[in-house]
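J.: All residue numbers for the sequence shown refer to the working numbering, where the first residue is 5 and numbers rise by one.
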Amino acid sequence: MRRKILMEDKCEQCGLESETAIHAVWECAMLDEIWEVVPGFEDQRQYAISNTRNLISVLQKKRKNLELMAMVMWTIWY
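(1) Quick check on the burial criterion: 16 or more other C-beta atoms within 10 angstroms. Buried or exposed for M75?
(2) Within this structure, are the beta carbons of N55 and I26 separated by less than 7 Å?
(3) Once DSSP output is grouped into helix, strand and coil, what is the label at S22?
(4) Kindly indicate which three-state DSSP category K14 falls into: helix, strand or coil?
(5) Does DSSP put E46 in a helix, a strand or coil?
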């Protein structure tokens, strides 16, 4: 099953927020259990992120493992 952005406004997982790309791989509350066990990303909820570019910038400043983040996001998406 492939993950995709739908034409409907709400996330099909949580039903609460608009399903943007950043919501689908980072912000959705349904992902908390995943990010809590990823080393270095247990605190991911503390970052106020507006888009992917902003996310990468913030995480670079915090010296987070961007390769690991990308692999987790890819796994979530697909």
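Note that the Cβ used here is the ideal one computed from N, Cα and C, for glycine as well.
T.: Quick answer:
(1) Per the 10 Å Cβ criterion, exposed.
(2) yes
(3) strand
(4) strand
(5) coil
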